[in-house]
Amino acid sequence: MIWLGLFSDESAATAAQAVAQAATSQGIPMLAKEEVPGGPLLIAAYLVMWIVVFAYLIWMHRTNQRLLAEVELLEQRLDERIAEGNEQRKNIGPRGT
Amino acid sequence: MVHSVKTKSSAAFLLLVVATGAVFLGALVLTFFVAPTERMMGIVQKIFYFHVPSAIVMGVLFLVCAVASLAYLLKNDSRLDAIGATAAELAVVFGAIALITGPLWARKAWGAWWTWEPRLTLTLLSVFIYAGYLAMRAYGGEKEFSRRVAAGLGLMGAPAYYFIKVAVDKWGGNHPKNVVYGKGEGLMNPDMRLAFFAGLIAVLMLTVTLFVMRYRTRMLKERVDTAISEMQKYDLLEDG
Amino acid sequence: MNQHIQHFWVVFRKDIRIELRTREILLTMGLFALLLVVVFSFAFYTDAERSRIYAPGILWTTVVFSGTIGLNRLFERENENGCLSGVLLTPISPRMVFVAKAMGNLLFTLLMEILTVPLLVMFFSLDIQPVGIFLSGLLLGTVGFCFVGTLFAAMLSAARMKEVLVPLVVYPIIVPIIIGGVKVTAVVLNDYPVEEALNWLKLIAGFDLLFVSLAIWLFEPMIAP
Numbered sequence: 013m014i015w016l017g018l019f020s021d022e023s024a025a026t027a028a029q030a031v032a033q034a035a036t037s038q039g040i041p042m043l044a045k046e047e048v049p050g051g052p053l054l055i056a057a058y059l060v061m062w063i064v065v066f067a068y069l070i071w072m073h074r075t076n077q078r079l080l081a082e083v084e085l086l087e088q089r090l091d092e093r094i095a096e097g098n099e100q101r102k103n104i105g106p107r108g109t
Numbered sequence: 007m008v009h010s011v012k013t014k015s016s017a018a019f020l021l022l023v024v025a026t027g028a029v030f031l032g033a034l035v036l037t038f039f040v041a042p043t044e045r046m047m048g049i050v051q052k053i054f055y056f057h058v059p060s061a062i063v064m065g066v067l068f069l070v071c072a073v074a075s076l077a078y079l080l081k082n083d084s085r086l087d088a089i090g091a092t093a094a095e096l097a098v099v100f101g102a103i104a105l106i107t108g109p110l111w112a113r114k115a116w117g118a119w120w121t122w123e124p125r126l127t128l129t130l131l132s133v134f135i136y137a138g139y140l141a142m143r144a145y146g147g148e149k150e151f152s153r154r155v156a157a158g159l160g161l162m163g164a165p166a167y168y169f170i171k172v173a174v175d176k177w178g179g180n181h182p183k184n185v186v187y188g189k190g191e192g193l194m195n196p197d198m199r200l201a202f203f204a205g206l207i208a209v210l211m212l213t214v215t216l217f218v219m220r221y222r223t224r225m226l227k228e229r230v231d232t233a234i235s236e237m238q239k240y241d242l243l244e245d246g
Numbered sequence: 054m055n056q057h058i059q060h061f062w063v064v065f066r067k068d069i070r071i072e073l074r075t076r077e078i079l080l081t082m083g084l085f086a087l088l089l090v091v092v093f094s095f096a097f098y099t100d101a102e103r104s105r106i107y108a109p110g111i112l113w114t115t116v117v118f119s120g121t122i123g124l125n126r127l128f129e130r131e132n133e134n135g136c137l138s139g140v141l142l143t144p145i146s147p148r149m150v151f152v153a154k155a156m157g158n159l160l161f162t163l164l165m166e167i168l169t170v171p172l173l174v175m176f177f178s179l180d181i182q183p184v185g186i187f188l189s190g191l192l193l194g195t196v197g198f199c200f201v202g203t204l205f206a207a208m209l210s211a212a213r214m215k216e217v218l219v220p221l222v223v224y225p226i227i228v229p230i231i232i233g234g235v236k237v238t239a240v241v242l243n244d245y246p247v248e249e250a251l252n253w254l255k256l257i258a259g260f261d262l263l264f265v266s267l268a269i270w271l272f273e274p275m276i277a278p
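Chains as they are written, first to last, in our numbering: chain L, 13 to 109; chain Y, 7 to 246; chain P, 54 to 278.
#1: So the alpha helix (DSSP H) Tyr139 (chain Y) belongs to, where does it begin and stop?
#2: Show which residues of chain Y have a CB atom less than 7 Å away from the CB atom of Gly51 (chain L).
#3: Are any of the Cβ atoms in chain L nearer than 7 Å to that of Ala157 (chain Y)?
#4: To be precise: take each residue of the segment 87 to 112 of chain Y, compare its Cβ to all Cβ atoms of chain C, and keep it if any distance is under 7 Å. Which residues remain?
#5: Check this for me: beta carbons of Thr26 (chain Y) and Leu212 (chain Y), under 7 Å apart or not?
#6: Please go through the same chain and pick out, in chain order, the residues whose beta-carbon is closer than 6 Å to the beta-carbon of Glu249 (chain P), but skip the five residues on each side of it.
#7: Note down, in chain order, each residue of its chain lying with its Cβ closer than 7 Å to the Cβ of Ala104 (chain Y), except the 5 sequence neighbours on either side.
#8: Count Cβ pairs between the segment 168 to 180 of chain Y and the segment 223 to 233 of chain P that sit closer than 8 Å; are there 3 or more?
#9: Glu129 (chain P): which of P:Gly157, P:Ser210 and P:Phe264 sits nearest, CA to CA?
#10: Could you work out which residue in P:Phe264, P:Gly110, P:Leu87 and P:Ala258 is closest to Phe97 (chain P) when comparing CA atoms only?
#11: Where does Lys215 (chain P) land, buried or exposed, given buried means 16+ other C-beta within 10 angstroms?
#12: Roughly how many whole angstroms lie between the Cα atoms of Leu206 (chain Y) and Val73 (chain Y)?
#13: For Ile104 (chain L), name the three-state secondary structure that DSSP assigns.
#14: Please return the same chain residues whose Cβ sits closer than 8 Å to the Cβ of Ala201 (chain Y), not counting the five positions on each side in sequence.
#15: Inspect the CB distances between the segment 89 to 106 of chain Y and the segment 56 to 70 of chain L and report whether three or more fall short of 8 Å.
#16: Roughly how many whole angstroms lie between the Cα atoms of Leu242 (chain Y) and Arg89 (chain L)?
#17: Measuring CA to CA, which of Y:Glu95, Y:Leu161 and Y:Trp116 is closest to Leu140 (chain Y)?
#18: Could you list which residues in chain L have their beta carbon closer than 9 Å to that of Val29 (chain Y), in chain order?
#19: Please decide whether Arg101 (chain L) counts as near chain Y, where near means a Cβ-Cβ distance under 7 Å.
#20: CA-CA distance, Leu79 (chain P) and His57 (chain P)?
#21: What's the C-alpha gap between Val209 (chain Y) and Leu76 (chain Y)?
#22: Is Arg199 (chain Y) helix, strand or coil when you go by DSSP?
#23: Is Glu228 (chain Y) closer than 7 Å to Ser132 (chain Y) when the C-beta atoms are compared?
#24: From His60 (chain P) to Arg70 (chain P), what distance separates their C-alpha atoms?
#25: In chain P, what lies closer than 8 Å to Pro59 (chain Y) by C-beta?
Next comes the structure, spelled out in C-alpha cells:
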C-alpha cells in the first residue's frame, strides 16, 4: 500500500535516478554505476525471497511434527486407559459383583 | 460427513497451491521475457516486481492483524486470535523479504545499501512492531493472557503504522523522498505494468496459501492443547 | 465522574506515598539518567557548537531509557504478593487504576526530567530559545510515552522477560514521539524557524490524543476477557 505512491506517481526509473542525485547532494557516498553488477544482485534477491519462504515452510513443518508427536502421545495414553478399563471390567465381572 | 468435507477442502487447497505455482510461473515469464529491461537501472530493476508486492502484502496483513486483534479483544474467540497471529507472522516474513531485497536493489539504483528513505524506514519499524507482537506471544507469560496483550499490540499497530508514516515522511525533510513522491506518469510501459500486476497477484496468492496452511496448523494445535489439558484435568495422562 | 476522580486519587496517592517512603523509583531512575548523561557526554561532547546537533538525541534517549526503568518498577511493586489482583478486586474500575498508574509514571518521569534537563544544559552548554516550545514538546512527548509504556509494563509485569519485552514493544510504537521530540528540541537549540516545531508539536499532540485514549480503553479488555 505504501508503495502504491511510487507506482502511481512516477516511473521507478526516474525516481531512482532522482534519488541517486539527491543522495549524492546529501553526501551519501555513491558508487560508480559500472562498479555494481545488476545480475548477481537480482539473483541474490530472488534467492533471498525463496529462502525466506522455504525457511518458513520448514519451520511450519517442524511445528507440525511436534503436533504429531503430541497426538501420538495422546493416542497411546488413550489406548492404555481403554486397556485398563477393560481389565477392570473383567475383574469386577459383568454385573459388578 | 466429516471425512467428505475434509476431502473437499483439501482438494480446494491443492487447487490453490497449483494455481499459485502457475501464476508465479506466469509472473516470472512476464517479468523476464515480456517486460522490457529498465533503461536506467538495468536488469536489477526486476526486483521491483516482487519487492513492491511483498511490501504491499505486508501492509494488508497489518490491517488484517489489527482487525482480527480488535475482534479477538471483543469476542474472545480463539479463531480470531489465530487469524491475527498468522497475519502478524506472515507480515514479518514478507516484511523481511521486502527489507532484504530492498537494499540489494538500492545498492545498484541508489549506490548505497541503505538510505533512511521514509518507506524503507517505515517498513523496518513496522516489522519491529510485529516482531514484538510475536515475541510477546512467545515470552509474554501465561498463554491466554499473552494472547490478549499481543492483540492489544496488534490493534495499536495500525494507527502506529500511520503515525510512523507521517513522522518519517516529515523527518525525511529534504531527503530523497521528495523526488520519489514527485509528480510523474507512473509505470509508463504497459508490459511493465502487466508484469507488476502479475507479480502482485502471485505474491498475494502465495500469502493466502501460506496463511491457510499456518492457520490450520494453529487451530489443530489449539485442539490438541485442549485435549491434553482436558486429559490432565482427569489425571488421564499420568502413567499407570 | 466525581467518584472516578476520587478513585483515581486513592490509587495515585497510594503510589506516591509508597514512593515517598521507599524512594526507590526516583532514586534508581534519577541515578540512571545522571549516568546516561555523563556517558553520553564522554561519547559525544566535542565543543559547544557541535553539541547542539547531538543534544536533542541525547536528551530523548536519556528520557526514554530512564523512563523505561520507572515503567517496569511501578508495576513490579504490585506484582509482589499479588497486590495487583487486590487492587483490581476493589470497586475501583480497572481503567481508573490504569490512569492513576500512568499518571504516577508521568509524575516520576517528569521529576527525572527536571533533574536531567538542567544537567544536560550545563554539560553541553546549551541555550534553549523559546523555552515554552521546548517544555511543551517535552511534556507532550512524555505523556504519550508514559501512557503507552504503562499499558505494556502493566501487562508484562508478571512476564519473566519483561525487562526486554517492554522496550521491544514500546519503542517502535513511540517512534513518532522520539522523532518529533528530537526535532522540536533541535529547533529550540539551533534557532530554526518556530513553525517547524509547531508542526511537530501538532503531530505529537495528535499521537497523544489517539494513543492515550486507546491505551485507556485497551487496559480493561487486555487484562481479562
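Ideal Cβ positions, reconstructed from N, Cα and C, are used throughout, including at glycine.
Note that this is a predicted model, so its numbers are computed, not measured.
Taking the geometry as given:
#1: That run of the alpha helix (DSSP H) goes Pro124 to Tyr145.
#2: Those within 7 Å of Gly51 (chain L) in chain Y are Ile49.
#3: Chain L, which has no Cβ nearer than 7 Å to the Cβ of Ala157 (chain Y), makes this no.
#4: This model lacks chain C altogether; the protein chains it does include are L, Y and P.
#5: Less than 7 Å divides the Cβ of Thr26 (chain Y) from the Cβ of Leu212 (chain Y).
#6: Cβ neighbours of Glu249 (chain P) beyond the five flanking positions: Val240.
#7: Counting only Cβ-Cβ distances below 7 Å, and skipping sequence neighbours, we find His57, Ser60, Ala61, Met64 and Thr129.
#8: Three or more beta-carbon pairs drawn from the segment 168 to 180 of chain Y and the segment 223 to 233 of chain P are found closer than 8 Å, and the two stretches are therefore classed as touching.
#9: Comparing alpha-carbon positions, the option among P:Gly157, P:Ser210 and P:Phe264 lying closest to Glu129 (chain P) turns out to be P:Ser210.
#10: For the residues P:Phe264, P:Gly110, P:Leu87 and P:Ala258, the minimum Cα distance to Phe97 (chain P) belongs to P:Gly110.
#11: The C-beta of Lys215 (chain P) has 16 or more other C-beta atoms within 10 Å across all chains shown, which makes the residue buried.
#12: CA-CA distance, Leu206 (chain Y) to Val73 (chain Y), rounds to 22 Å.
#13: Residue state, collapsed to three classes: helix.
#14: Closer than 8 Å at Cβ, skipping near neighbours: Ala33, Leu36, Thr37, Val40, Ala41 and Tyr55.
#15: Between the segment 89 to 106 of chain Y and the segment 56 to 70 of chain L there are three or more inter-stretch CB-CB distances shorter than 8 Å, so the stretches are counted as touching.
#16: As the crow flies, the alpha-carbon of Leu242 (chain Y) is around 7 Å from that of Arg89 (chain L).
#17: It is Y:Glu95.
#18: Those within 9 Å of Val29 (chain Y) in chain L number zero; the least Cβ separation is about 15 Å.
#19: Any Cβ of chain Y closer than 7 Å to the Cβ of Arg101 (chain L) would place that residue at the interface, and such an atom is absent.
#20: Between Leu79 (chain P) and His57 (chain P), the C-alpha separation is close to 27 Å.
#21: Looking at the backbone, the Cα of Val209 (chain Y) and that of Leu76 (chain Y) are separated by about 26 Å.
#22: Here Arg199 (chain Y) carries a helix assignment [DSSP, helix/strand/coil].
#23: At the C-beta level, Ser132 (chain Y) and Glu228 (chain Y) stay beyond 7 Å of one another.
#24: Our two residues, His60 (chain P) and Arg70 (chain P), have alpha carbons roughly 15 Å apart in a direct line.
#25: Within 8 Å Cβ-Cβ: nothing; Pro59 (chain Y) doesn't reach chain P, min ~24 Å.
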